[in-house]
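Numbering (our numbering), first residue to last: 195 to 580. Read the structure below first, then the notes.
See below:
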């Protein structure tokens, strides 16, 4: 049962439609009894749909792949009698025209599946995201049209975790500026002296798959791990040696903070000027999750005044970045900046491609070997099809 709930939690965390509707009703009262009762019922529904094959099979015969995915995705779909067309870099207007002819749509992060696109999709039954975040898909609009939205939250967990750990150690030892200095012919050993991460406090915001993998690895390096997640209990966090703390108690004690949450209204600009002012002076922060979780203007100010000792950013409010504030951050000497590499490994790309295809086949009922759709974001739609 514990394993079932763990698989269900990231999907609940990511569900904009569920969280937004209920948080509008209850505001910020995450601890109130009614909210917890509702949340527990959602966990039950999500967990049951996670492994249930009792839903009615969907007629998924033709799928549009709108972003480049590994060939393994296309091969698996075709081998299970699902026709596939790959059409990349479609404009919004082109996608609206094309989508009318398909039962399924597979995207990564580039294609924006807006309400207008969904409205035009006369036959669409399922939208699959080959990756974790679904902020490029209007889940509300899809749910209203009884379209299943699914992702592959576990597919890139190891890759995102490993990049996070790499960035933390890079910040600690000033690896990037030191390497650049040496290439320019300087020998600045004293200038780029760093510090050990052993014994330092790591604050993990978001204790899903990636957050837990980060905790396990950096505990082995001797870091003390504390963390917060609105749908993980202190007892569950303790099982992987993370001390559960409320956010306001994490900020003043953390030497490093790493973010592993979705971008939803409740997490946008979560790391802001107020947080930096509450944080331990010299805090270093890592974001391999989603751009927009950190207020970039507040981060730049904190770097300039020394409240933040360094930042490692893999994601940005706008991608590719053109905003002047973002560009200043990328050029800042205390910032390690990478171009959204979190899932950019060959292993992760194959994994998410296979996982999204397997779920499409499971929902189609075309092959009894595939019966699970663990990445469904809006399980209420799936349950309605039983």
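In this text, a Cβ means the ideal position worked out from N, Cα and C, and glycines have one as well. These figures come from a predicted structure and were not determined experimentally.
- Assigned with DSSP and collapsed to three states, residue 323 falls in strand.
- For residue 570, the pairing in a beta bridge is given by DSSP as 344.
- When the five nearest sequence neighbours on each side are left out, no beta carbon in the same chain lies closer than 6 Å to the beta carbon of residue 352.
- Between residue 297 and residue 319 the beta-carbon gap is near 5 Å, inside 8 Å, which marks them as a contact.
- In the three-state reduction of the DSSP assignment, residue 365 falls in the helix class, which pools H, G and I.
- Burial check for residue 445: the Cβ neighbour count within 10 Å reaches 16 or more, so the residue is buried.
- Just so you know, the alpha carbons of residue 503 and residue 361 end up roughly 14 Å apart.
- In the three-state reduction of the DSSP assignment, residue 489 falls in the coil class.
- For a cut-off of 8 Å, the C-beta gap from residue 307 to residue 330 is around 6 Å, short enough to register as a contact.
- If the five residues before and after residue 426 are omitted, its C-beta is found closer than 6 Å to the C-beta atoms of 401, all from its own chain and listed in chain order.
- Counting the other CB atoms within 10 Å of its CB gives residue 521 a total below 16, which places it among the exposed residues.
- Close CB contacts of residue 310 within its chain, under the 7 Å cut and outside five residues either way in sequence, are with 290 (chain order).
- At the C-beta level, residue 354 and residue 368 stay beyond 9 Å of one another.
- DSSP, read as helix, strand or coil, puts residue 317 in coil.
- Each of 375, 301, 377, 452 was checked against the Cα of residue 409, and the nearest Cα belongs to 452.
- Ranked by Cα distance from residue 336, the first of 376, 299, 495 is 299.
- The region 242-294 is shown to contain whole beta strand (DSSP E) runs of 3 or more residues at 256-259, 277-280, in chain order.
- About 5 Å separates the CB atoms of residue 478 and residue 365; that is less than 8 Å, so the two are in contact.
- Its chain contains 507, 524 as the residues whose beta carbon lies nearer than 6 Å to that of residue 531, once the 5 sequence neighbours on both sides are disregarded; these appear in chain order.
- For residue 503, the uninterrupted beta strand (DSSP E) run begins and ends at 502-507, by DSSP.
- Closest in alpha carbon position to residue 343, among 375, 553, 417, 423, is 553.
- Here DSSP, grouped into helix, strand and coil, assigns residue 468 to helix.
- In the DSSP assignment, residue 548 falls within the unbroken alpha helix (DSSP H) covering 540-558.
- Counting of Cβ neighbours within 10 angstroms places residue 474 among the buried residues, the total reaching 16 or more.
- Burial of residue 543 is indicated by the presence of at least 16 other C-beta atoms within 10 angstroms of its C-beta.
- With fewer than 16 other Cβ atoms inside 10 Å of its own Cβ, residue 295 counts as exposed.
- Beyond the five residues adjoining it in sequence on each side, residue 397 comes within less than 6 Å, by CB distance, of 420, 444, 448, 451 in the same chain, given in chain order.
- Uninterrupted beta strand (DSSP E) stretches at least 3 residues long and entirely within the region 369-429 occur at 395-399, 418-422, given in chain order.
- Here the alpha carbon of residue 416 sits roughly 12 Å from the alpha carbon of residue 363.
- Looking at the DSSP output, residue 437 shares a beta bridge with 420.
- For residue 565, no alpha helix (DSSP H) segment is defined, and its DSSP state is neither H nor E.
- Residue 328 sits in coil when the DSSP states are folded into three classes, being neither helix nor strand.
- Between residue 492 and residue 528, the CB-CB gap reaches or exceeds 9 Å.
- Residue state for residue 577 is assigned as helix, using DSSP reduced to three classes.
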